[in-house]
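Residue numbers (my numbering): 823 to 1486.
Note sheet for the following structure.
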Amino acid sequence: MADFVGRRRELKELREDIARTGLDTLSGRKAKAPRARVLLVAGRPGSGRTALAEAFVQEIAEEYPDGVLRTRLTTPGGATVATERAVRGLLEQLGRPTPPGAGEDELSSVLRTALEGRKAVILVDDAVDPEQVDALLPDTPECLVVVTAEGPLTGIPDVRPCTLGGLDTPSAVELLVQRIGDTRVTADPRAAEALAEECGGQPAALVLVGGWLAAHPKASVADVAKQLHDMPATTGGPLARGFRLVYESLPQPAQRTLRLLPLAPAGTVDSHTASALAGCSVAAAQSTLDDFAGLGLVRPARDGLFLLPGCLAPLLQALLEAKERPAEVQLARARMLERTVRLLHSCRAMAMAEAEEPGVDAAVDDDLRELLDGLPRALRFPDRRAAATWLDTRLPALTAAASLAVADGGLDTLARRLVAALVRALADHRGTAGAAPELYGLHRLVLEVAERRNLHREQAAALLNLADVDAATGRTQEALERYRAALDAGRAAMDPYATGRAMESVGGAYQELADWHRASDWFGRALSQALARGERADEARLYGRLGNVHTYAGRYGDALRSWRAAAAGYRKLADVPGQAKALSEMARVQEYAGRPEESLHTCREAVELARRAGDQRLQAALQVRLADTLDRLGDPAAARLHRSAADRLLGDDPAACEIRSDSD
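Laid out in structure tokens, this is it:
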């Protein structure tokens, strides 16, 4: 493992600590651990605590056949990661779906269930407090949790921290050799030891100084040690002195780019982010980032990403505040967000382009051309796969960018565009259902901006979207409250679509709660608005929804009137399948009402319509319904004929006999 040396004693202690007798003993005997064993690696930023934890996990990985799960509870920029997001990340690594909109407790329960019977390691990096860690602990003694933090986590019982100091001198010199080769170290070993001492044995400081020496092959180790020694005490500790050495050696444009990196969301930066922040070309930004990686200022990750080391974030933030005017900082942030919006448009365009087929809707084609129009080559993706990879790898940074833009308060227009672009890109690449967990959080951001700016139409849309997810995941009461709030917002915006949709959705929520009286009342309100506006498709659908509710409530006369009106509405629309389904529901209600002869006649009419529509599944389902009715009328021979017809229509899929109306 590159940049990891020494720490043999600490590794041995951690291994021994796995089997150490816990504090929860009874009569001198070890009690059965109700939870996974927790090991803690504690150390100041730059002490190499993450590197030690990773090295330890790699050393014991074979003993945990169900693999290693990783999560980080603090971003490189110093922001705390929401526990909900951390748990979702772990569940994704386990291949488990995460219910959108679920709270921390529900997600933690899902995680613990997913880990039952497994023997895995969870590496939790940069924990801030014990509550964060507690939500991630599995109730599985066979699992192991390795946590890194700056200090002790006193809220978690039976955790003895492995506290890190500086590296011993031989290990520190070995780390220098990794960075600069052994020639200069062999030529003056005492100078190398002196330099290690000036760096306090701190790995992050040694990496920076080693990077500087690698970039200056003619510089001697002794000169660098003296230079660090002569820095004033006000400079700070070893890490601050090493950082100053590297920073002051950079050209002015590179210094400015480095100062602006704390603005990168989630401490993640690529060539586009750096280019937008600094106002330079993408090629120049890529070259600068490569230089920074060689100096230890950023850490290369996959797919062109670089991570800002958390230990450098406070130093860079101090430089940003001291050297950059607030107006320039805001302008750099706006450039970065604008670039992100354009990249999201390009990402979405690739999904639309490869989904496009001959005869595609002209409106989609126009939308695609609009997205691609004016995008320079540097912002275009070669194909859908490249765009999807970019979206997947950048998603934590993209969601962080959206959250930061909304929290800023001064970039609301840009924030709204960014969230809208991210929502569309996710939906086009993953589908609405696949992207639901991310979309739920984004809709909440839209709602926050809409409420702050009194944008009632957007507020109604966000509330409807959130409520739909709540309803789909069984949180009916929460959905009902949001639908009602959306109705108020729609009325304030004088938006008939939002109000009609909200009234219908309130009715649907009451239907789910089996409150038939309120459900029919709200469907009736939505129907009245549709009738007043002449919205024929909505009228037919809402008559069907009323018919369903009346049927559930046992009000068969009202149900028949509603389904008859729905069938008439579909007939006027020339919607033959819709008319057939409405008549099939009429036949069902007639049978419930004890009118089998009428049900038989209506069902035959529905079969003929289904045949005209070419809907074989509906035909088959209706044939089965006819057979059941004929059985009850005492004609088993005719019933057998209709069942045989249904079998021929269905082939090998007899489960398709269920009839579902569009209003279900």
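In this text, a Cβ means the ideal position worked out from N, Cα and C, and glycines have one as well.
Under 8 angstroms between the Cβ atoms of G1064 and A1027? yes
May I ask which residues mark the beginning and end of the alpha helix (DSSP H) holding V967? First-last for V967: L966 to A971, but that is the beta strand (DSSP E), not the alpha helix (DSSP H).
Using the three-state DSSP reduction, which class does P1418 fall into: helix, strand or coil? helix
For L1261 and V1046, what's the separation of their Cα atoms in angstroms? 51 angstroms
Does the distance between the C-beta of Q1445 and the nearest non-hydrogen atom of the ligand ZN fall short of 7 angstroms? Within the structure as shown, the ligand ZN is missing, as the structure has no ligands at all.
Check the DSSP bridge columns for F1128 and list the partner residues they point to. V1091 and P1122
So H1265 and L1288 are supposed to be a Cβ contact under 8 angstroms. How far apart are they, rounded? 5 angstroms
Any beta-carbon of chain C closer than 8 angstroms to the one on L1261? In the structure shown, chain C cannot be found, because there is only a single protein chain.
Reference A1283; option with closest CA among H1251, Y1319, G1263 and P1259: Y1319
For V1271, does the three-state DSSP call read helix, strand or coil? helix
As a quick exercise: from G1322, H1278 and H1464, pick the residue whose alpha carbon is nearest that of A1311. The option with the nearest alpha carbon to A1311 is H1278.
Would you check if the distance between the CB atom of P1025 and the CB atom of S930 is smaller than 8 angstroms? no
Between A1293 and A1324, how many whole angstroms is the CB-CB distance? I'm expecting something under 8 angstroms. That pair is no contact at about 12 angstroms.
Which value, in whole angstroms, describes the spacing of the CA atoms of A994 and G1032? So the two alpha carbons sit approximately 11 angstroms from each other.
Beta-carbon separation of R933 and T962 under 8 angstroms? Note on residue identity: the sequence assigns Leu, not Arg, to residue 933. In this structure, T962 does not lie closer than 8 angstroms to L933 by Cβ.
State the DSSP-derived secondary structure class of C1102, mapped to helix, strand or coil. coil
State the Cα-Cα distance for the pair P1148 and L1142, rounded to the nearest angstrom. 9 angstroms
According to DSSP, is D1437 part of a helix, a strand, or is it coil? coil
Could you work out which residue in L975, L1213, D1469 and A1243 is closest to L1444 when comparing CA atoms only? Nearest C-alpha to L1444: D1469.
Nearest candidate by alpha-carbon position, reference A1432, set L1422, Q1401 and P1418: Q1401
With DSSP run on the structure shown, which of helix, strand or coil describes D948? strand
Classification of K852 by the beta-carbon crowding that lies within 10 angstroms, buried from 16 upward: With a pLDDT of 47 at K852, under the threshold of 50, the predicted position of this residue should be treated as unreliable, and no value is reported.
Whole angstroms is fine: what's the gap from P1084's alpha carbon to A1227's? 14 angstroms
Should E832 go down as buried or exposed, given a rule of 16 or more other Cβ atoms within 10 Å for buried? Around the beta carbon of E832, 16 or more other beta carbons sit within 10 angstroms, so the residue counts as buried.
Taking DSSP as the reference, what is the three-state secondary structure of A1390? helix
Is DSSP giving C1021 helix, strand or coil here? coil
Residue interval of the beta strand (DSSP E) (run including A864): R859 to A864
Taking the C-alpha atoms as reference points, what is the distance between G925 and E906? 7 angstroms
Residue nearest to L1213 in terms of C-alpha spacing, selected from R910, G1132 and L1248: L1248
Exposure label - M1316; buried when at least 16 CB within 10 Å: Flag for M1316 reads exposed.
Is the beta carbon of K941 closer than 8 angstroms to that of Y886? yes
Taking its Cβ as the centre, do 16 or more other Cβ atoms sit within 10 Å of L1335, making it buried, or is it exposed? exposed
For L1382, which option in P1399, R1124, A1390 and Q1412 has the closest C-alpha, if you only look at C-alpha atoms? Q1412
Thinking C-beta only, is L989 closer than 8 angstroms to L998? no
From H1339 to S1384, what distance separates their C-alpha atoms? Rounded to whole angstroms, H1339 to S1384 spans 15 angstroms at the Cα level.
Check V1429 in the structure and name its three-state DSSP category. Three-state result, V1429: helix.
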